[in-house]
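First the structure, in the form of structure tokens, and then the observations on it.
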Amino acid sequence: MKKLEITVFVSAFLLASMIFVVSVNKLSQRQVTYVSQAMLDRINSNFGQLEERLIQIDQQYPPCSMLAREELMQLTFDSGSVEEISYIQNNTLKCSDRDSHILTSTHTDISVNISALDSRYYFYRDINSRTGNVNLFFMLQGSSGWYRVLLNSGFVNYWLASIATTRHVFACIGYGKQVNPLCQNFSAPHRNPIFDMRTTSEHYPIVVHVGYSPYMLWCQIKSYLYIGLVFILGSACFCTWLTRRFANEQKSQRSDLQRGIEHNEFVNYYQPIIENKTGEWIGAELLVRWHHPRHGLVLPMAFIPQAEETGQICALTLKMIENAANEKLAVMTMKKPFYISVNVTASMIANKAFVEPLIALIQQHQSLRHNFVLEFSERDSFANSDINELKQAMQRLRDVGVTWALDDFGTGYAGLSTLRELSFDIIKIDRSFVAGSATDSVTQSILSNMADMGRTLKCKLIAEGVELKEQAEQIDALGIPYSQGYYYAKPMPFSRFIAKFKIYSMQTTAITRNQHENVGVSA
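Here it is in structure tokens:
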């Protein structure tokens with residue numbers, strides 16, 4: 001148990017760690033999307049306001065006039081991102097918002113051929129040979145020339161860092177198809193991203209490049225490490241606790257089942273099988289109920305799957321058969337031909353640990369040597385049991401008087417070749433076909449074919465799940481001789497069953513044994 005818990009803890013720890021890393025990675029991707037949109041919104045807003053002011057100045061004042069230069073100076077003063085605005089005409093600097101005697105080569109150099117520009121806007125960058133600083137320029141076409149705006153690269157760099165660094169992403173601005181964008185001060189993080197996004201402004205030839213590198217993802221993980229550890233350790237501990245609880249419940253249920261078997265808490269219930277022509281009870285299917293000391297009457301669906309999973313179904317079935325052998329003695333005193341049918345699985349029949357005790361039980365009880373039927377469902381996958389082993393086991397049980405029935409016919413895996421090879425004596429047609437027998441012509445045709453198949457295979461046919469009078473009449477009309485279902489009787493404990501059996505036996509017309517068609521039974 002300790003080894004299992006350690007394995008579950010380690011597995012859950014690793015899985016939760018992977019989920020945490022993937023979640024943080026998704027968060028980083030959302031941050032990239034957010035930063036990209038935020039940058040574009042800010043760029044469009046700032047440059048839109050700058051463009052609007054420059055157009056107003058160009059329309060209201062002659063270029064390079066005193067009033068125009070004053071307006072340009074005020075615009076530079078009002079904007080923290082603008083360092084200087086100049087006016088260029090015919091590739092010559094005409095004026096600036098600065099006095100002409102303080103203009104330097106940084107301001108007067110024109111590295112762009114103005115006459116070659118074919119757009120209303122243009123962005124470019126220059127590197128000052130003396131300081132090494134990056135100069136970032138935005139150019140806007142005026143009425144007779146170009147306004148060149150020198151952006152404050154320090155401010156741009158600070159803005160990029162402030163919007164990106166706290167979110168552990170890099171942010172760069174590119175211009176058109178420029179390869180080397182302007183980024184915030186990281187060591188070229190945009191060159192080896194594990195996720196990035198490039199988005200172009202709808203109004204200006206600016207490309208925003210945002211993403212994150214492996215190191216940035218690690219920084220993002222560290223920022224959520226406390227939450228991550230709580231999630232990872234909590235998940236691992238929770239899965240370990242669930243494993244321990246499940247194991248304890250399994251152990252408790254197994255012990256509960258074993259106690260029930262040992263203390264005879266499982267009670268046999270019987271549902272009669274009827275001959276359609278006479279209404280006579282000619283057999284019964286053995287079912288089981290659990291009279292639990294705490295939970296009261298428990299139906300099979302609540303414990304049979306658990307019993308099959310733990311392997312206790314074999315011991316439970318043997319106990320049911322042993323009880324049925326004693327109860328059948330009371331039926332035999334009535335001198336009526338009557339058989340009992342018990343449900344098993346193909347895997348149980350192929351299991352020698354079940355077959356050997358069953359043979360011994362049959363040999364011990366005379367009531368089981370005749371009129372005793374074992375049935376297993378067609379829903380069982382015959383591939384799970386070796387057909388040869390299954391066939392040999394069936395023959396061994398047939399040698400001690402067992403008759404074989406195939407339950408739920410029409411719903412499972414058995415083909416005609418399998419039916420012939422296993423040599424069933426009885427075929428029980430599944431209730432799903434019976435349900436539509438009174439109204440559905442297709443179902444009626446299928447049932448008719450099943451009846452023909454049963455006669456071809458020399459098997460007795462029983463229709464299961466008959467609940468309505470119309471269904472019973474249709475089954476009889478199709479030539480299916482026997483039925484079982486709530487229309488005739490519900491499953492009942494043996495004391496009630498034997499009392500009703502006596503009543504029905506007296507009400508039905510006496511038929512001699514030679515005239516009665518015995519279902520899968522040798523008299």
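In the UniProt record's numbering, the protein residues as written are 1 to 523. Every residue gets a Cβ at the ideal spot worked out from N, C-alpha and C, and that includes glycine.
Excluding five sequence neighbours on each side, which residues of the same chain lie with their C-beta closer than 7 angstroms to the C-beta of residue i?
{"i": "Leu-14", "result": "none"}
{"i": "Ala-236", "result": "Phe-9, Ala-12, Phe-13, Ala-16"}
{"i": "Ser-187", "result": "Here Ser-187 scores only 44 on pLDDT, less than 50, and its place in the model is too uncertain to base an answer on."}
{"i": "Tyr-224", "result": "Val-24"}
Going by beta-carbon coordinates alone, are residue i and residue j separated by less than 8 angstroms?
{"i": "Ser-86", "j": "Leu-93", "result": "yes"}
{"i": "Ile-163", "j": "Val-35", "result": "yes"}
{"i": "His-307", "j": "Leu-316", "result": "First, the residue type needs correcting, since residue 307 is Ala and not His in the sequence shown. In contact: Ala-307 and Leu-316 (Cβ atoms closer than 8 angstroms)."}
{"i": "Val-267", "j": "Pro-491", "result": "no"}
{"i": "Tyr-175", "j": "Tyr-124", "result": "yes"}
{"i": "Glu-421", "j": "Leu-361", "result": "no"}
{"i": "Ile-359", "j": "Arg-398", "result": "no"}
{"i": "Ser-96", "j": "Leu-50", "result": "no"}
{"i": "Phe-303", "j": "Asn-343", "result": "no"}
{"i": "Gly-401", "j": "Ala-435", "result": "no"}
{"i": "Trp-290", "j": "Gly-260", "result": "yes"}
{"i": "Leu-406", "j": "Lys-391", "result": "no"}
{"i": "Pro-63", "j": "Gly-142", "result": "yes"}
{"i": "Leu-419", "j": "Leu-368", "result": "no"}
{"i": "Gln-471", "j": "Ser-437", "result": "yes"}
{"i": "Phe-354", "j": "Cys-314", "result": "yes"}
{"i": "Ser-432", "j": "Ala-463", "result": "no"}
Could you tell me the boundaries of the alpha helix (DSSP H) in which residue i lies?
{"i": "Arg-148", "result": "No alpha helix (DSSP H) holds Arg-148; the beta strand (DSSP E) holding it covers 146-151."}
{"i": "Met-197", "result": "Met-197 -> not in any alpha helix (DSSP H); beta strand (DSSP E) instead, spanning 195-200."}
{"i": "Phe-433", "result": "431-435"}
Could you tell me the alpha carbon to alpha carbon distance between residue i and residue j, rounded to whole angstroms?
{"i": "Val-179", "j": "Tyr-121", "result": "Because Val-179 sits at a pLDDT of 44, beneath the cut-off of 50, its placement in the model cannot be relied upon, and the following sentence gives the value as read from the coordinates. If I take the Cα positions, the gap works out to 19 angstroms."}
{"i": "Ala-451", "j": "Lys-328", "result": "30 angstroms"}
{"i": "Val-21", "j": "Val-210", "result": "20 angstroms"}
{"i": "Gln-474", "j": "Tyr-339", "result": "25 angstroms"}
{"i": "Ile-227", "j": "Val-288", "result": "52 angstroms"}
{"i": "Ala-393", "j": "Ile-349", "result": "6 angstroms"}
{"i": "Asp-430", "j": "Thr-411", "result": "7 angstroms"}
{"i": "Phe-231", "j": "Gln-29", "result": "21 angstroms"}
{"i": "Glu-84", "j": "Ile-19", "result": "51 angstroms"}
{"i": "Val-331", "j": "Trp-241", "result": "52 angstroms"}
{"i": "Pro-272", "j": "Trp-404", "result": "18 angstroms"}
{"i": "Ala-38", "j": "Val-208", "result": "10 angstroms"}
{"i": "Glu-389", "j": "Pro-300", "result": "28 angstroms"}
{"i": "Thr-278", "j": "Asp-425", "result": "22 angstroms"}
{"i": "residue 525", "j": "Arg-244", "result": "The first residue shown for the chain is 1 and the last is 523, placing residue 525 beyond what the model contains."}
{"i": "Gln-89", "j": "Leu-27", "result": "49 angstroms"}
{"i": "Pro-357", "j": "Leu-318", "result": "8 angstroms"}
{"i": "Arg-455", "j": "His-295", "result": "46 angstroms"}
{"i": "Phe-238", "j": "Gln-258", "result": "30 angstroms"}
{"i": "Trp-159", "j": "Ala-171", "result": "10 angstroms"}
{"i": "Ile-221", "j": "Asn-44", "result": "32 angstroms"}
Using the rule of at least 16 other Cβ atoms within 10 Å of the residue's Cβ for burial, across every protein chain shown, is residue i buried or exposed?
{"i": "Phe-409", "result": "buried"}
{"i": "His-203", "result": "exposed"}
{"i": "Ser-445", "result": "exposed"}
{"i": "Ala-489", "result": "buried"}
{"i": "Tyr-486", "result": "exposed"}
{"i": "Glu-262", "result": "exposed"}
{"i": "Pro-481", "result": "buried"}
{"i": "Arg-167", "result": "buried"}
{"i": "Arg-148", "result": "buried"}
{"i": "Gln-56", "result": "exposed"}
{"i": "Lys-251", "result": "exposed"}
{"i": "Pro-293", "result": "exposed"}
{"i": "Glu-275", "result": "buried"}
{"i": "Ile-32", "result": "First, the residue type needs correcting, since residue 32 is Val and not Ile in the sequence shown. Burial call: buried."}
{"i": "Gln-364", "result": "exposed"}
{"i": "Leu-150", "result": "buried"}
{"i": "Asn-91", "result": "exposed"}
{"i": "Ser-105", "result": "Summary for Ser-105: the model assigns pLDDT 47, below 50, so the residue's position carries little reliability, and this model does not support an answer."}
Taking the beta strand (DSSP E) that residue i belongs to, which residues open and close that run?
{"i": "Ser-377", "result": "372-377"}
{"i": "Gln-89", "result": "82-89"}
{"i": "Asn-343", "result": "339-344"}
{"i": "residue 536", "result": "Absent from the structure is residue 536, since the part of the chain shown begins at 1 and ends at 523."}
{"i": "Lys-94", "result": "92-96"}
{"i": "Asp-408", "result": "402-409"}
Taking 6 angstroms as the limit between beta carbons, can you name the residues of its chain near residue i, skipping five residues before and five after?
{"i": "Ala-324", "result": "Asn-268, Leu-286, Ile-340"}
{"i": "Leu-478", "result": "Leu-447, Ser-448, Ala-451"}
{"i": "residue 531", "result": "With the chain running from 1 to 523 in the structure shown, residue 531 is simply not present."}
Please find out if some non-hydrogen atom of the ligand GTP comes closer than 7 angstroms to the beta-carbon of residue i.
{"i": "Leu-468", "result": "What this structure holds is no ligand at all, so the ligand GTP is not there to describe."}
In chain order, what residues of the same chain have a beta carbon less than 8 angstroms from the beta carbon of residue i, not counting five sequence neighbours either side?
{"i": "Ser-505", "result": "Glu-280, Trp-281, Met-334, Lys-336"}
{"i": "Ser-65", "result": "none"}
{"i": "Lys-502", "result": "Met-334"}
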